[in-house]
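Heads up, the thing below is written out as structure tokens.
Residue numbers (my numbering): 2 to 333.
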């Protein structure tokens, strides 16, 4: 399987805003992203977990949990190259597809190697590796993340074939926030989510406090969302069940009982939970960005004055508005 990498002309490394980016217009962040390379935001020191495809599945997911990472590049020793990513989504797809299967026992699956999982059990649910060169612009990175509807983009050195870093929406937005005070402030930052039409407000995927985990997994698979607000009988958000929470099933080996409720499953959260991060449609884009970056979350639940769920605004929505559409309508 060939890796799909984004190449770009080599740009001089920059550690400050480009002078032309100081012009006051709505495309200031687009130019900022075009004038910085992926290499610019790779930290001096960072943790990168890589799995060989011959590794046992249960060991791989345990390693994800132990290292606190959500995905890892896959190295194929036979092909001498990276062939994909192992993510929590893979784990969810497997659990959902085979939990009620009479053909395969769930506990048998974890004994398999990653390559067997990919070739036999995941079948058509995995795609060719999408990656990017360190010399490509951050604009190319944002475009690739959003166009391919992925959350992680490996930065691979085209000369050595080594994976240098995993780019995410969160890391890119955090990088932009470091320089945002030095850039001209576009007018759309002071507009509300409602005015800019940022976020998802139709067919919001929800679960209630008594929804079984198995049903929640099915919603993840069908709707391709990364989190499900949990609502009470009045539709008010009381918690949130994310894909990352599902990895606890692997850590605790509790995936033989997916009929427990999401509420019960969340009692085993491995990290301290501060509560659901919310926002209102009338709040400005600037306020939303500050809240996302400070809380280091991937999304905010949009609610009304009674805390009834009205929508979801994600990091992907924010980056698309800032960089690709400059506050305008979706063009992808």
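For each residue, glycine too, the CB sits at the ideal point set by N, CA and C.
The structure displayed is predicted, hence computed values, not measured ones.
Can you round the beta-carbon distance between residue 34 and residue 156 to whole angstroms, since I take them to be within the 8 Å contact cut?
-> Mapped onto the chain shown, residue 34 falls at position 33. Mapped onto the chain shown, residue 156 falls at position 155. The C-beta distance from residue 34 to residue 156 rounds to 15 Å, too long to fall under 8 Å, and the pair is not in contact.
Are residue 213 and residue 250 closer than 8 Å when you measure CB to CB?
-> Sequence index remark: in the chain shown, residue 213 carries index 212 (1-based). Sequence index remark: in the chain shown, residue 250 carries index 249 (1-based). Against a cut-off of 8 Å, the Cβ pair of residue 250 and residue 213 comes out as no contact.
CA nearest to the CA of residue 315, picked from 193, 304, 298, 219 = Here residue 315 refers to the residue found at position 314 of the chain shown. The candidate whose alpha carbon is nearest that of residue 315 is 298.
Compute the beta-carbon to beta-carbon distance between residue 151 and residue 320, rounded to the nearest angstrom, for a pair I have assumed lies under 8 Å.
-> Locating residue 151 in the chain shown gives position 150, where the first residue counts as 1. Locating residue 320 in the chain shown gives position 319, where the first residue counts as 1. Incorrect: roughly 13 Å between the Cβ atoms, too far for contact.
Enumerate in chain order the residues of its own chain whose CB-to-CB distance from residue 211 is below 6 Å, with the five nearest sequence positions on each side excluded.
-> Sequence index remark: in the chain shown, residue 211 carries index 210 (1-based). For residue 211, where only same-chain residues beyond five positions count, the Cβ hits under 6 Å are 262.
Looking only at DSSP bridge pairs, what is residue 243 linked to?
-> For this step, residue 243 is matched to residue 242 along the chain shown. 228, per the DSSP bridge assignment.
Spatially closest choice to residue 313 from 118, 48, 230, by CA coordinates = Position 312 of the chain shown holds residue 313. Selected option, being the one with the closest Cα: 230.
Alpha carbon of residue 74 to alpha carbon of residue 163, nearest angstrom | Position 73 of the chain shown, counted from the first residue, corresponds to residue 74. Position 162 of the chain shown, counted from the first residue, corresponds to residue 163. For residue 74 and residue 163, the distance between alpha carbons rounds to 11 Å.
May I have a chain-ordered list of the alpha helix (DSSP H) segments no shorter than 4 residues that lie completely inside the segment 146-228?
-> Counting only runs of 4 or more, we get 170-180, 194-197, 214-224.
State the start and end residues of the unbroken beta strand (DSSP E) segment that holds residue 311.
-> Mapped onto the chain shown, residue 311 falls at position 310. Segment 310-315, the beta strand (DSSP E) holding residue 311.
How close, in whole Å, do the beta carbons of residue 168 and residue 154 come, if the pair is a contact with beta carbons under 8 Å?
-> Working through the chain shown from its first residue, we reach residue 168 at position 167. Working through the chain shown from its first residue, we reach residue 154 at position 153. Contact holds; Cβ gap of about 4 Å.
For the segment 236-244 against the segment 74-84, are there 3 or more C-beta pairs whose distance is under 8 Å?
-> no
Please determine, among 67, 118, 287, the residue with the shortest C-alpha to C-alpha distance to residue 87.
-> In the chain shown, counting from the first residue as 1, residue 87 sits at position 86. With distances taken between Cα atoms, residue 87 lies closest to 118.
Can you give me the Cβ contacts of residue 205 inside the same chain, cut-off strictly under 7 Å, excluding the 5 residues immediately before and after it?
-> Counted from its first residue, the chain shown places residue 205 at position 204. The answer, listed in chain order, is 310, 312, 313.
Reference residue 225; option with closest CA among 91, 59, 60 | Within the chain shown, the letter at position 224 stands for residue 225. Here the closest residue by C-alpha is 91.
Closest by CA to residue 286, which one among 43, 52, 322?
-> As a first step, residue 286 is located in the chain shown; it is residue number 285 there, counting from the start. Out of 43, 52, 322, 322 has the C-alpha closest to the C-alpha of residue 286.
When the distance is taken between beta carbons, is residue 50 closer than 8 Å to residue 1?
-> Limits of the chain in this structure are 2 at one end and 333 at the other, which puts residue 1 out of reach.
Any idea what DSSP makes of residue 83, helix, strand or coil?
-> Position 82 of the chain shown, counted from the first residue, corresponds to residue 83. Three-state result, residue 83: strand.
Nearest-angstrom Cβ-Cβ length linking residue 267 and residue 291, presumed shorter than 8 Å = Position 266 of the chain shown, counting from 1, holds the residue named residue 267. Position 290 of the chain shown, counting from 1, holds the residue named residue 291. Not confirmed; about 27 Å, so no contact.
Tell me whether residue 235 is buried or exposed, calling it buried when 16 or more other Cβ atoms sit within 10 Å of its Cβ.
-> Walking along the chain shown from the start, residue 235 turns up at place 234. The residue is exposed, with fewer than 16 neighbouring Cβ atoms inside 10 Å.
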